[in-house]
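**Q**
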Amino acid sequence: MARFLLGLILCLGAFAVQAESRDVQQYFFDQHLGDFKAELDTAKKGGKQGILLMFEMEECPFCHRMKQTILNQSEVQDYYRKHFLIFSVDTEGANALTDFSGKETTEKKFALEQRVRATPTFVFYDLSGQPLTRFTGAAKDAKEFMALGRYVVEGAYKTLPFAKYRQQQAGQ
201 MARFLLGLIL CLGAFAVQAE SRDVQQYFFD QHLGDFKAEL DTAKKGGKQG
251 ILLMFEMEEC PFCHRMKQTI LNQSEVQDYY RKHFLIFSVD TEGANALTDF
301 SGKETTEKKF ALEQRVRATP TFVFYDLSGQ PLTRFTGAAK DAKEFMALGR
351 YVVEGAYKTL PFAKYRQQQA GQ
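Just so we're aligned, residue 201 is where the sequence shown starts under my numbering, counting upward by one.
1. Roughly how many whole angstroms lie between the Cα atoms of Phe284 and Leu332?
2. Between the C-alpha atoms of Tyr357 and Arg350, what's the straight-line distance to the nearest angstrom?
3. Are at least three pairs of beta-carbons, each pair with one atom in the region 219 to 238 and one in the region 293 to 300, less than 8 Å apart?
4. What are the residues that DSSP puts in a beta bridge with Asp290?
5. Rounded to whole angstroms, what's the CA-CA distance from Glu220 to Phe345? Just pull it up for me.
6. Just checking: is the beta-carbon of Ala311 within a distance shorter than 8 Å of some beta-carbon in chain B?
7. Could you give the distance in angstroms between the alpha-carbon of Arg369 and the alpha-carbon of Ala339?
8. What are the partner residues of Asp235, as DSSP defines its beta bridges?
9. Given Leu348, which residues of its chain have a CB within under 8 Å of its CB, disregarding the five upstream and five downstream residues?
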């Protein structure tokens, strides 16, 4: 009987962890029409702290891993959506978009202008469209990615590199 109960508890625990996983496109990324200047107004009206762009490529294994293991977590989605509008930019994309200054461009050109050289690259922008900080590469886990969000929300990026912030958080 004890084995049965232990097995049941383990199964329920595994189910509970899986229940926290949600669709990335629906629950992490916001839908946009490619006008980032207009999205700044939307962010302001929505009480957001800024805009987060994930620069990615379709065949990028690290982008895929981020989506499958971190960006799909409800805790991550809820926290980031509370504080930011979040959009994806295809670094090889030909889709037209309007940048934060109102200039017409394409996703690929915009990524180059933002000096994105690797994927994924996460860039946080303030409500005037100025970049605040960037994180290049995949986070090692949801805990690190949550720390990145807090790093921006708390304004720690103004005085500390993210690596130092992470160390301080780990020491607490």
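We put the CB at the ideal spot given by N, CA and C, even for glycine.
**A** According to the structure shown:
1. Position 84 of the sequence shown holds residue 284. Position 132 of the sequence shown holds residue 332. In a straight line, the C-alpha of Phe284 is about 13 Å away from that of Leu332.
2. Here residue 357 refers to the residue found at position 157 of the sequence shown. Here residue 350 refers to the residue found at position 150 of the sequence shown. Near 10 Å, if we compare the C-alpha coordinates of Arg350 and Tyr357.
3. Taking a cut-off of 8 Å on C-beta distances, the region 219 to 238 touches the region 293 to 300, as three or more cross pairs fall below it.
4. Taking the first residue of the sequence shown as 1, we reach residue 290 at position 90. Asp290 pairs with Glu256.
5. For the purposes of this step, residue 220 is identified with residue 20 of the sequence shown, where counting begins at 1. For the purposes of this step, residue 345 is identified with residue 145 of the sequence shown, where counting begins at 1. Just so you know, the alpha carbons of Glu220 and Phe345 end up roughly 16 Å apart.
6. The chain inventory of the structure shown lacks chain B, comprising one protein chain alone.
7. As a working mapping, residue 369 is identified with position 169 in the sequence shown. As a working mapping, residue 339 is identified with position 139 in the sequence shown. The sequence as given places Gln at residue 369; Arg does not occur at that position. Taking the straight line joining both Cα atoms gives about 16 Å.
8. Within the sequence shown, residue 235 is the residue found at index 35, counting from 1. In DSSP, Asp235 forms a bridge with Thr298.
9. Here residue 348 refers to the residue found at position 148 of the sequence shown. Excluding residues within five positions, the ones whose Cβ falls inside 8 Å are Phe322, Phe335, Ala339 and Phe362.
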